[in-house]
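Trainee:
In the numbering used here, the protein residues as written are 173 to 442.
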């Protein structure tokens with residue numbers, strides 16, 4: 173906290189013009205159980221819609237993810253004529269969204285960041301909007317880059333394997349995000365809970381943060397146990413930001429007590 177206050181007082185430029193956030197298991201914790209429920213729904217999809225034996229569903233889901241980046245991508249690559257909307261409505265439509273709780277602390281943290289903020293998720297837009305709304309942060313971002321952004325022409329395919337699905341951690345997905353977001357990768361901080369995604373982002377010039385661990389790695393610039401500690405781990409975000417004239421005009425208005433609230437918020441028990 174002390175070093176953060178001194179750093180902010182120096183009035184330098186932040187190294188970041190944009191903060192790019194993954195969504196699932198990054199802006200809300202793995203303990204919410206959404207990822208576990210999603211995996212179970214995918215396995216149910218493999219059994220109910222594709223006819224695979226229940227005994228093979230878990231192994232198949234893992235292998236398709238490893239090989240193709242997602243179960244949907246793998247199934248389509250194998251020739252299964254499955255539409256993205258059909259898949260997402262089944263896999264995400266059954267999720268227990270009530271387990272994602274409003275997070276006023278996260279909302280305050282995000283609103284305190286004056287740089288552009290972008291969601292970059294492999295999930296479809298419907299899921300992204302539901303999760304963000306549950307968290308109470310749906311109005312905190314400038315843009316959402318999601319499945320539809322990465323795969324705008326998928327519905328035009330005449331055969332399921334004709335147009336491969338693009339998702340993180342492919343470098344093509346990272347390139348699309350950089351292009352669509354119109355960001356300078358060297359001045360963009362990318363946060364994700366997947367090491368594969370972080371490594372791909374770093375390879376294309378993004379500054380990276382692996383969320384969900386404190387173990388240092390040469391493959392990422394920062395590690396962060398959870399998003400609530402962002403201000404403590406990367407305080408340079410809050411220095412007067414950016415190289416643009418607009419960013420340079422933004423003044424650091426936070427007092428020491430306001431920064432303290434970001435780093436060590438008071439817990440209120442209802």
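Even for Gly, the Cβ is constructed at its ideal location relative to N, Cα and C.
In this text the structure is predicted, and so the values were computed from the model without any measurement.
1. Taking the alpha-carbon of residue 297 as reference, which of 319, 383, 285 and 199 has the nearest alpha-carbon?
2. Mind listing, in chain order, the continuous beta strand (DSSP E) runs of no fewer than 3 residues lying wholly within the stretch 339-369?
3. Can you tell me the Cα-Cα spacing of residue 285 and residue 385, whole angstroms?
4. Quick check on DSSP: helix, strand or coil for residue 266?
5. Could you give the first and the last residue of the continuous beta strand (DSSP E) run that contains residue 383?
6. For residue 321, report the span of its alpha helix (DSSP H) as first-last.
7. Assign residue 261 to one of three DSSP states: helix, strand, or coil.
8. Keeping to the same chain, check which residues put their C-beta closer than 7 Å to that of residue 244; ignore five residues upstream and five downstream.
9. Give me the Cα-Cα distance between residue 267 and residue 302, rounded to the nearest whole angstrom.
10. Under a three-way DSSP split, which group does residue 337 fall into?
11. Taking contact to mean 3 or more Cβ pairs, one atom from each stretch, closer than 8 Å, check whether the stretch 220-232 and the stretch 315-333 are in contact.
12. Measuring straight from C-alpha to C-alpha, what distance separates residue 279 and residue 312?
13. Could you have a look at residue 185 and say whether DSSP puts it in helix, strand or coil?
Mentor: Reading from the atomic positions:
1. The residue you call residue 297 lines up with position 125 of the chain shown. When each option's Cα is compared against that of residue 297, the closest is 319.
2. 360-364
3. To locate residue 285, count along the chain shown from 1; it is residue 113. To locate residue 385, count along the chain shown from 1; it is residue 213. C-alpha separation (whole angstroms): 23 Å.
4. Taking the first residue of the chain shown as position 1, residue 266 is located at position 94. Coil at residue 266, not helix or strand.
5. Counted from its first residue, the chain shown places residue 383 at position 211. Start and end: 379-383.
6. Reading the chain shown from its first residue, position 149 is the one you call residue 321. 319-322 is the extent of the alpha helix (DSSP H) around residue 321.
7. Here residue 261 corresponds to residue number 89 of the chain shown, with the count starting at 1. The answer is helix: DSSP assigns residue 261 an H, G or I state.
8. As a position in the chain shown, residue 244 is number 72, starting the count at 1. Closer than 7 Å at the Cβ level, and outside the excluded window around residue 244, lie 254, 256, 259 and 337.
9. By 1-based counting over the chain shown, the position of residue 267 is 95. By 1-based counting over the chain shown, the position of residue 302 is 130. Whole-angstrom Cα-Cα distance: 10 Å.
10. What you label residue 337 is simply residue 165 of the chain shown in a count that begins at 1. Coil at residue 337, not helix or strand.
11. no
12. Here residue 279 corresponds to residue number 107 of the chain shown, with the count starting at 1. Here residue 312 corresponds to residue number 140 of the chain shown, with the count starting at 1. Looking at the two C-alpha atoms, the distance is approximately 7 Å.
13. Position 13 of the chain shown, counting from 1, holds the residue named residue 185. Three-state DSSP puts residue 185 in coil, outside helix and strand.
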